[in-house]
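**Student:** Chains as they are written, first to last, in our numbering: chain A, 2 to 230; chain B, 2 to 230; chain C, 2 to 230; chain D, 2 to 230; chain E, 2 to 230; chain F, 2 to 230.
Note that the Cβ used here is the ideal one computed from N, Cα and C, for glycine as well.
Quick caveat: nothing in here was measured; it's all calculated off a predicted structure.
Okay, here's the structure, questions in a sec.
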């Protein structure tokens, strides 16, 4: 759902810098979300339209009314290479706001993909194009072009606040929003986590228990855990 | 959900003509739904049980009570080659009304597939058979054979009205019902749309914006859209 | 949801015998559920995280509070080769209680997979590991380690009662719980059903109607079914 | 959801006769639904906006697009005293399509109430007016007036097929549709049921068991029921 | 959902003692649930059919198949004064399994009310009778009498395990199950909690902060909480 | 769901001015939402815990983790007379984060009510206190006090962005957020709308059609609407 005024297109937005986006793209959503302190995740109903879809880029946001995708065309003009379009609707709607024609246009502008809190269609074509989309629904139902919304304002998409220029990272585990100002720090924290995990993984694979590796036994006892036979 | 009286099997139904069904089968659900004026789509919770499932055929309808699939066997006898069984239940139910044995029987009768506003099971076998099913749920739970319903009456399936003999088209984007009387006209309109889309697609791929191709800029301005920096 | 007291880990549980588990593993969930008299099925929202995931093993149960996966590490120590961890939460939660590190640990202990009435993450890695998981949700959101729950108590998971040591069987059609005491009998009944189905299948494939094969016509007429033209 | 073509208003519809509507209005929804053979019930998410709301009248139908209530005004003109407006939307939408101004207009035309598979607003005012509404949602969100739908075509509302002129009966137990052609017969069957129930009620109140009153014991035993201590 | 074998009625069950049930009836569900260590609560979709409904009694359990309420009549015979019927269904169903006739019968047997993981009807009459019911749905749709289930076996109702004879307590906050063996202890713990709360309430009403009353400030600081201006 | 960093309490926030809040409190949510251009509405699942509950005040925000209400006590200290606490959780949770003790404390601090995207309990007491709460769920399940969240940061609550100090208005029609900076303008627009509605209402009550009053006939014809008999 959107956050404020309608009928506005902001042309100049500040995008997270490309090097940071590239660095973030190397990590999974779970790692980045954890690195950020467990905030910024969209709701779990947002799913990729094909297995293996993933994307990372800077947000161009669009807010529309239910059943009306006019602003998608307005958003297309604001896309720069490396952007991800993040689409919100003013109330719940599963209509197909996006299909293969818009995907062709978005890709021609350099878009990395789409995240939409609504429905999309032409999923067979989108899959053939390998154009990654994360959506709430799949629906053949088309939309009209009658009311204006906004482009590049702050929007709430699937429960997460997105500002234009934020980094959007999506994979099999969901969609996370990294505010542009925190992107570098998040990338570094993610890298640190990942380095840290390799060693843990090999210990666990060797049969070491998390109880011992993380030294949990004392804490559990203090918390009152009892073993019985 | 069903629409009227129970305990009736209609043997002679008028099916949409084969040439039209064949023509409709060449188009996607989104195209046909659009061609029909955006009516006749089932709700978006109807999903294929395997990726890539699609079907096109004439409806044999069946209305059952929750947890009771007796009428599926009655429906089997009414199937003619090229039919799609459309199954509705008098109230919401996720039980598995259909599995590999019924699929074997339906296929032997010439059925093209099943659309059911309830659950199915044996999905691994159905996938191996490449027997297309669009359903609300997958459930191992079997059903009883105790109460009669009806076959080949008008039914409401996943929010769409289906008369026996209507054309049912289903793919990754959903399930659409084309009334038999409108089938030829829908096929022609779908064809016209598709021819029209190829040119649009190549323009958009070349970077032309929908804003310009569809001449939207003036309308947007009149609707009050403002650009800011 | 869980069934009784918190803060307890039961170390010695009686598992269904290995030969019976192995025998049950040859059948599908639909067959076994039917063989048991249509009881013991988890709700249909429990889905495999990758196509084709299936598992069969003896239950190690764990009950946790929402957003807290501390007890997963406690459960890991109780796993014996051939076990399936069955995880319940005291109230609805979609957080990711489980990821690739825990999967590595569980596998090192000999676990056959996980059934969890909550979310999991790192699904790409879990798929690459072919570690079967049946869950309610996929979520990148991690959990804390602050409150104790229990291990190897009776739990309610997705609507089904699970005692430690019960046989858990899961495939594309869902998840069924076979109480340890009934496992042998269920396996035999499943075998009988399956033998019985081969003959039915070939008759149906040859075009024999279920109406005739199951001798339903008289019953339907008695129940009031009318044929009209 | 709607059933066919858009952009049409049918002015002359055949309404169920007033005496029959009046007779049906004396019964509860459960009684009438049962009398009709358990068909024609809307889905259970349709709820009255205030406790005790109930209505009975002849349907004026309206089909709209999501977020667009233009056709409500078109429908108003078609209302005759004793009508109930039945509103469907081409895809799921919770927006508030109806509020106190439209209720004032509908009442001035003689409407008995509204049944809508979407949202309504101004519920405090509607309650004060005692204008009965059965809806899927309550939402303050207003709608636009940009696209045409249809009035007095067959519509699917909350899973039930409604033709203009059908009798609509709604109370605490839900909403049932009685086709105009079956209304008299349904009213008579409902009356018979109700007469029949008074005697049953007094027997049950005196402690007679349904098992004995309905002579169920033998059937249960034949069905395999066992009593244990 | 149910837990084990079908077709069985257990006549002699051990009920929690009357004095304890009476004592538990003085407390709210939230208090008792807390006193038990936060286990045994049914899912939050279980709601009273009228405002202010509440009940407390010993469970007579019944397990039915979807759309079939035959066993309700069997359960009626097993009711003793002070019992609450707890009804589960083998898969999700919203049909109306219970109405005013059964309520009349149950009340004549001394039942305190009904808790059902399905639908009920005749809610206006039930409200007039002040017969408390907690259910998942309200539906006018009736059921058949064709298949046997069980009475007084362990059932899973709305996510909670219920054994016959357990104490069932329900009010505006939900439904909690107190195992018979733990009932006395739960009643005492609830009493202790309640005595404890009066003092807290008056302190808080006087403006004392929970931060101070519960001495939370140090813990919060240790957990890293920062105050900024 | 929350929007950014955890572990922070902001003490000094800028609240919308009291006169404007008081002015907004005279209007309904539907009127204010419309006056703002149809933005800022929370999702429709947010419902009052008792009929007639309504509130208007300035937001004190709190972000918590699922199952953990520790920060509610931290928020209590930040409440000033006229505030409404707006509570968000980092992932979906229905637990009862709030009951009569916290309500007593909040009221002692001058709070006007609570809006929470989670569950609450003790609803009977809250109703007796006439302490207005709008929530997603009612649940007896209590929470722990183990993890820190934040107070007075921007949060996303039920799909709407809320900054501390914004005006929160809630009644039977839902919950709307009015950004502090736009509050005066929204109040004036609401007043203008309301004045405008009285005249419309009396015209409609006199039988004037919206079609004529709003001069819609020509637009409808242009849009293609056809009348048939």
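Looking at residue 55/D and residue 148/D, is the spacing between their C-beta atoms short of 8 angstroms?
**Tutor:** No, the Cβ-Cβ distance between residue 148/D and residue 55/D is not below 8 angstroms.
**Student:** Leaving out five residues on either side along the sequence, give the residues of the same chain with a beta carbon under 6 angstroms from the beta carbon of residue 177/B.
**Tutor:** For residue 177/B, where only same-chain residues beyond five positions count, the Cβ hits under 6 angstroms are 30, 33, 34, 41, 42 and 170.
**Student:** For residue 100/D, I'd like the list of residues in its chain whose CB is within less than 6 angstroms of its CB, leaving aside the five on either flank, ordered along the chain.
**Tutor:** Once the five neighbours on either side are set aside, the close Cβ partners of residue 100/D are 122 and 123.
**Student:** In the structure shown, what three-state DSSP assignment does residue 108/F receive?
**Tutor:** Note: residue 108/F maps to helix in three-state DSSP.
**Student:** Against chain D, does residue 161/B count as a neighbour if the rule is that its beta carbon must be under 8 angstroms from one of theirs?
**Tutor:** For residue 161/B, the answer is yes, since a Cβ of chain D falls inside 8 angstroms of its Cβ.
**Student:** Taking the continuous alpha helix (DSSP H) assigned at residue 214/C, which residues delimit it?
**Tutor:** Looking at the DSSP string, the run of the alpha helix (DSSP H) that includes residue 214/C is 211 to 214.
**Student:** In three-state DSSP terms, what is residue 41/E?
**Tutor:** Coil, per DSSP.
**Student:** For residue 92/F, collect the residues of the same chain with a Cβ closer than 6 angstroms to its Cβ; drop the 5 residues on either side in sequence, then sort them by chain order.
**Tutor:** Closer than 6 angstroms at the Cβ level, and outside the excluded window around residue 92/F, lie 67.
**Student:** At the level of alpha carbons, what is the spacing between residue 95/F and residue 208/C?
**Tutor:** The straight-line gap from Cα to Cα measures roughly 52 angstroms.
**Student:** Near residue 138/A, what residues of its chain come up, given a Cβ to Cβ distance below 6 angstroms and the 5 sequence neighbours on each side ignored?
**Tutor:** Contacts found: 95 and 120.
**Student:** Based on the DSSP output, what are the partners of residue 80/E in its beta bridges?
**Tutor:** According to DSSP, residue 80/E bridges with nothing at all.
**Student:** If you draw a straight line from the C-alpha of residue 114/E to the C-alpha of residue 16/D, how long is it?
**Tutor:** Rounded to the nearest angstrom, the two C-alpha atoms are 43 angstroms apart.
**Student:** According to a CB-to-CB cut-off of less than 8 angstroms, which residues of the region 82 to 102 of chain E neighbour chain B?
**Tutor:** Under the 8 angstroms Cβ criterion, the region 82 to 102 of chain E contributes 91, 92, 93, 94, 95 and 96.
**Student:** Please identify the residue among 6/E, 144/E and 223/E whose C-alpha is closest to the C-alpha of residue 97/E.
**Tutor:** Selected option, being the one with the closest Cα: 144/E.
**Student:** Using beta carbons (cut-off 8 angstroms, strictly below), is residue 157/A in contact with chain F?
**Tutor:** Residue 157/A counts as touching chain F.
**Student:** For residue 173/B, is the beta carbon positioned less than 7 angstroms from some heavy atom of the ligand NAD?
**Tutor:** In the structure shown, the ligand NAD is absent, as is every other ligand, since no ligand is present at all.
**Student:** Under 8 angstroms between C-beta atoms, does residue 139/C make it to chain F?
**Tutor:** Not closer than 8 angstroms to any Cβ of chain F, the Cβ of residue 139/C fails to qualify, so no.
**Student:** What are the partner residues of residue 233/C, as DSSP defines its beta bridges?
**Tutor:** In this structure chain C extends from 2 to 230, so residue 233/C is not present and cannot be described.
**Student:** If you measure from the beta carbon of residue 260/B to each beta carbon in chain E, is any gap under 8 angstroms?
**Tutor:** Absent from the model: residue 260/B. The displayed extent of chain B is 2 to 230, so no value can be given.
**Student:** Buried or exposed for residue 203/F, going by 16 or more other Cβ atoms inside 10 Å?
**Tutor:** Exposed.
**Student:** Going by other Cβ atoms of all chains shown within 10 Å of its Cβ, with 16 needed for buried, is residue 125/E buried or exposed?
**Tutor:** Buried is the call here.
**Student:** In terms of residue numbering, what span does the beta strand (DSSP E) encompassing residue 190/B cover?
**Tutor:** Premise fails: residue 190/B lies in the alpha helix (DSSP H), 184 to 206, not in any beta strand (DSSP E).
**Student:** For residue 75/C, collect the residues of the same chain with a Cβ closer than 7 angstroms to its Cβ; drop the 5 residues on either side in sequence, then sort them by chain order.
**Tutor:** Answer for residue 75/C: 10 and 152, listed in chain order.
**Student:** Can you tell me whether residue 223/D is helix, strand or coil according to DSSP?
**Tutor:** In this structure, residue 223/D counts as helix in the three-state DSSP scheme.
**Student:** With 9 angstroms as the C-beta to C-beta threshold (strictly closer), list the residues of the region 29 to 46 of chain A near chain F in chain order.
**Tutor:** Within the region 29 to 46 of chain A, the qualifying residues are 37, 38, 39, 40, 41, 42, 43, 44 and 45.
**Student:** With distances taken Cα to Cα, identify the nearest neighbour of residue 19/A among 184/A, 109/A and 218/A.
**Tutor:** That would be 184/A, whose Cα lies nearest to the Cα of residue 19/A.
**Student:** I need the DSSP call for residue 95/B, collapsed to helix, strand or coil.
**Tutor:** Of the three classes helix, strand and coil, the one that applies to residue 95/B here is coil, per DSSP.
**Student:** Using a beta-carbon distance below 8 angstroms, is residue 123/F in contact with chain I?
**Tutor:** This model lacks chain I altogether; the protein chains it does include are A, B, C, D, E and F.
**Student:** Return the residues of the region 185 to 204 of chain F that lie within a Cβ-Cβ distance of less than 7 angstroms from chain D, sorted by chain order.
**Tutor:** Correct list: 198, 201 and 202.
**Student:** Using a Cβ-Cβ distance under 8 angstroms, would residue 78/D count as near chain F?
**Tutor:** So, interface residue.
**Student:** Using DSSP with H/G/I as helix, E/B as strand and the rest coil, what is residue 36/F?
**Tutor:** Of the three classes helix, strand and coil, the one that applies to residue 36/F here is helix, per DSSP.
**Student:** For residue 135/B, write down the residues that DSSP places opposite it in a beta bridge.
**Tutor:** Per DSSP, 49/B and 116/B.
**Student:** With DSSP as the reference, please indicate the residues paired to residue 154/D in a beta bridge.
**Tutor:** Beta-bridge pairing links residue 154/D to no other residue.
**Student:** Output the boundary residues of the beta strand (DSSP E) element that contains residue 230/E.
**Tutor:** Careful: residue 230/E lies outside any beta strand (DSSP E) and carries neither H nor E.
**Student:** Any Cβ of chain C within less than 8 angstroms of the Cβ of residue 65/E?
**Tutor:** With 8 angstroms as the cut-off, residue 65/E does not count as an interface residue toward chain C.
**Student:** By the 10 Å Cβ neighbour count, where 16 or more other Cβ atoms means buried, how is residue 79/E classified, buried or exposed?
**Tutor:** Answer is buried; the Cβ neighbour count reaches 16.
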